Each structure stands twice: as structure tokens, then as C-alpha cells.
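Beneath this line is the structure, given in C-alpha cells, with notes to follow.
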Amino acid sequence: MTRTGSAGSAGGRGAEEIAGLVRRAADDLGVGAPPTAAIVRRGLARRHRARVRTATGAAVAVAALPVLGVGAVRLARPQAASPPAATIAVSSSAPAPAGCTAVVPSRVLPAWARTGFSDPEPSEPYVLGDRGDIVAILFAQPLQAPPSADHNNKILWVPRVWTGSGPFVIDATLVGTTVTARRQVEGGPGPSIIDLPQAGCWQLHLRWGTLEDSLQLRYVP
Amino acid sequence: MEYDRTGFEAFVAERYATMVRAAVLLGLRHADAEDAVQEAFARCFAAWPRVRAADDPQAYAFRVLLNVVRRAGRRRWTGELPHAEMSADPMAGGDPATTVPQAQSVRAALARLNRAQRQVLVLRYFVDLTEVQTARVLGIAPGTVKSRAARAMALLARDPDLVEHQVHAREEGP
Chain P
1 MTRTGSAGSA
11 GGRGAEEIAG
21 LVRRAADDLG
31 VGAPPTAAIV
41 RRGLARRHRA
51 RVRTATGAAV
61 AVAALPVLGV
71 GAVRLARPQA
81 ASPPAATIAV
91 SSSAPAPAGC
101 TAVVPSRVLP
111 AWARTGFSDP
121 EPSEPYVLGD
131 RGDIVAILFA
141 QPLQAPPSAD
151 HNNKILWVPR
161 VWTGSGPFVI
171 DATLVGTTVT
181 ARRQVEGGPG
191 PSIIDLPQAG
201 CWQLHLRWGT
211 LEDSLQLRYV
221 P
Chain Y
1001 MEYDRTGFEA
1011 FVAERYATMV
1021 RAAVLLGLRH
1031 ADAEDAVQEA
1041 FARCFAAWPR
1051 VRAADDPQAY
1061 AFRVLLNVVR
1071 RAGRRRWTGE
1081 LPHAEMSADP
1091 MAGGDPATTV
1101 PQAQSVRAAL
1111 ARLNRAQRQV
1121 LVLRYFVDLT
1131 EVQTARVLGI
1141 APGTVKSRAA
1151 RAMALLARDP
1161 DLVEHQVHAR
1171 EEGP
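Top to bottom, those sequences are chains P and Y.
So the first sequence is numbered by our numbering: it starts at 1 and just counts up by one.
So the second sequence is numbered by our numbering: it starts at 1001 and just counts up by one.
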């Protein structure tokens, strides 16, 4: 076997040769046609199981409320000049929901919102819709108005059920003012960059087909 | 309902073979690789509107595949979907007398890298993703892709089996 000096380094020609070897590393592997129909069936079954798990989890949570001594669940909507927004009074020991805070804490995502994440229990900063039908996963914090030069106001929208069609429409109102803005995400919920005209606590009304929900997000200057 | 099945089928047809081969290069046996890719595509179909709307659906699919491959390493796979159609030309890559030993040597050398280095090389040079796409799939910075790939290439360049193949490639010339 002959050895060469240049092969001992990955620079220049050596690197090109190695890259070429990697490109050809599976040339001998025959691959059949994809069993697409079976893949689709498996995907539909997976989606069905996720829905059943979600429905079961919600039923268990509702059943557990009296056990926890919770008398009422109250949604407090943001009022004029009172920035702290949506709070869900579940019990005195329950963690505060994300609501209209500048920095949203990371928590494990709901099971129905985890597809695509490499971690089976991904912990991400997210805000759950008031009806619990959608989450806004914040890929950048804080959200800023005007947008930061360092990062985009990137938000991943994930609905509980993928039944809508057409664009995902966001009607935003700056709490305590008449300032409004409309944003659309073509193709439905998914990754988006949502810039809003002013800093402050924004009430977002969300629509996608028959899906309607709302949540609050704070943009900082 | 926004389930564009035709679009999904085209998405699968275009990427299936590459993803199976990539899964083999990532360390799975061939049969396990086929099943891992089928599972990855099934997960993609379960969230197809979101995949289709993603900035880079291919990167999304590979990210799901890496997750499946990682989990496949922890448990025995039992869910392969049987199918009958075989590739018309399984040796399409060239003369089996030379390509098979060389390809096997490269796979063996890749297996001697750590998982992170192998992932970068497979995505960057076998799948031919850009540095940015590779970074997006792996959830790391593009600069990390570059440095990790350089280290992995240096290790492969010193691998005795691959040194021999590099010499042969040079002797055959362009």
C-alpha cells in the first residue's frame, strides 16, 4: 500500500477526494420503490393516535380539577392600561402562564405540538391559545418592535388539529389602544416572522378556517 | 383538510432512496434504514401541512429522520413495511468490482467517526445540503458545521483504508 503526504491532511485536493468518496459511499446499495400507500396509512394512524392521546389527556385534566380543589377556571382578559394579561387561575400553586410577559419561559410542549423536534419532550418557550387550540412557539426572544437587527421575530404556529385551509390570519390589537394590525401566514399555521408596528402587549385573534383562538404576546422596544 | 397527498407522494418519491442510503451511512443496517425512513415520512405526513409550509421541507424531513435514527439505535425495530418492487438497477453506481469494496471501506471509516462528525459529513457531502441547511437540520451554527466537517475530513484522510482509495483515485486520474 502506498502512502502519500497530502492524504494525511484534509485540505485542498485531499478534502475533495474524501468528499468524493463520501458521495459514492452508498453506490452499491439498491433501494426499492417507496411503499407510499403504506407510509400514508402509518402517518394517518399516527395522527389519529395523537388526537386520541390529546383528547384523553384533556379529559383526565378536567376530571382532576375537583380533586385539586379548584373552584373555578377564570380567563382574565387584558384591560386597558393593565399590561399583565391572560392569567388562568387554576390553583395557588400552579405556575403562572406565559401571557404577556417579555420573556416567555421554556416548558415542555404539548404532545400534539412536538412533531419535528428531535427531543421527544422538547422544552421551548411557547404561549398556548386561550382556548387551547394552538400554540405560538417563540424561536426568538424577546419579540421586538421595531424588529431587532440581531434576530427575527420568528414564531412557529402549531394548531392542535390540522383541519383548516387557506391562510392563517392574525388580527392584532395593541392592548389599551385602537392600534391594530393584520398579518397573514400563507399556507396555514407554520413558521412565520411576525413584526408588529409598536412595542407593547398585543392581543392576537387567530383564525384558520374554522379554528379560532386568541393569545397575548409582548413586543419590547 | 389541507392534506395534499399528491404533493406528499412526490416529496417521498424524490427523496426516499437518498434518505435510505443516508440512514445506512448514519449507521443503520439496510433493512432498519428503510424502516426508519418510512417512519420519518409517516411522521412528516402526520404533520404534512406544517412540513409543506416549512422554510425548508427537505431539512425538516432530515431532522425527523435523524430523530428516528437516534431512537432506532436504542431499540429493536419491528415495524418495517413489506413491499415488492425492487430497484431496476441496484448497481447503478458503476462497476461493482470496484465500487462495492470502496463503498464498504468508506462506510467502515464513517462508522469509526463519532456520531456528530458522521452526521455532518453525511448531510453535507452525501445528501449535498448546504452548510446552512445542515446547520438547520442539526440545530447547530453554520460555523460549527464547517469546523466539525473539517475535523471529520481530517480523520477520514488519515484512515488507512481510505488512503489507499485516494491513491487509486489519483492514479486513475481525471
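For glycine and all other residues, C-beta sits at the position ideal for the given N, C-alpha and C.
These numbers come from a predicted model, not from an experiment.
Query: From GLN1058 (chain Y) to GLY1139 (chain Y), what distance separates their C-alpha atoms?; Result: 14 Å
Query: Select from the region 18-30 of chain P all residues with a C-beta closer than 8 Å to any C-beta belonging to chain Y, and list them in chain order.; Result: ILE18, ALA19, GLY20, LEU21, VAL22, ARG23, ARG24, ALA25, ALA26, ASP27, ASP28, LEU29 and GLY30
Query: Using a Cβ-Cβ distance under 8 Å, would GLY129 (chain P) count as near chain Y?; Result: no
Query: Starting from VAL1143 (chain Y), trace the beta strand (DSSP E) both ways and give me its first and last residue.; Result: It is worth fixing the name first, because residue 1143 (chain Y) is Gly in this sequence and not Val. Unbroken run through GLY1143 (chain Y) is the alpha helix (DSSP H), 1142-1157; no beta strand (DSSP E).
Query: Beta-carbon separation of ARG42 (chain P) and GLN1038 (chain Y) under 8 Å?; Result: yes
Query: GLU1152 (chain Y): buried (16+ other C-beta within 10 angstroms of its C-beta) or exposed?; Result: For clarity, residue 1152 (chain Y) is Ala in the given sequence; the question names Glu instead. Under this definition ALA1152 (chain Y) is a buried residue.
Query: Looking at the structure shown, is SER1105 (chain Y) part of a helix, part of a strand, or coil, going by DSSP?; Result: helix
Query: Whose CA, out of Y:ALA1053, Y:ALA1054, Y:LEU1028 and Y:TYR1060, lies closest to the CA of ARG1015 (chain Y)?; Result: Y:TYR1060
Query: Can you give me the C-alpha to C-alpha distance between LEU1129 (chain Y) and ARG1050 (chain Y), rounded to a whole angstrom?; Result: 21 Å
Query: Is the region 98-116 of chain P touching the region 133-150 of chain P, taking contact as three or more C-beta pairs under 8 Å?; Result: yes
Query: Per DSSP, TYR219 (chain P) is paired with what?; Result: P:LEU143 and P:GLY200
Query: Could you have a look at TRP1048 (chain Y) and say whether DSSP puts it in helix, strand or coil?; Result: helix
Query: For a test of the three-state rule: what should DSSP assign to HIS1030 (chain Y), helix, strand or coil?; Result: helix
Query: Can you tell which of Y:VAL1068, Y:GLN1117 and Y:VAL1163 has the C-alpha that lies nearest to the C-alpha of ASP119 (chain P)?; Result: Y:VAL1068
Query: Closer than 8 Å, CB to CB, is PRO1049 (chain Y) near chain P or not?; Result: yes
Query: Please state whether DSSP places ILE39 (chain P) in a helix, a strand or coil.; Result: helix
Query: So that I know if they touch, is there some Cβ in chain P lying closer than 8 Å to that of ALA1115 (chain Y)?; Result: Position check: residue 1115 (chain Y) holds Arg in this sequence, whereas Ala was assumed. Closer than 8 Å: no.
Query: Near PRO194 (chain P), which residues of its chain fall below 6 Å by C-beta distance, leaving aside the five closest residues on each side in sequence?; Result: A quick correction: the sequence has Ile, not Pro, at residue 194 (chain P). Result list for ILE194 (chain P): ASN153, ILE155 and ARG183, in chain order.
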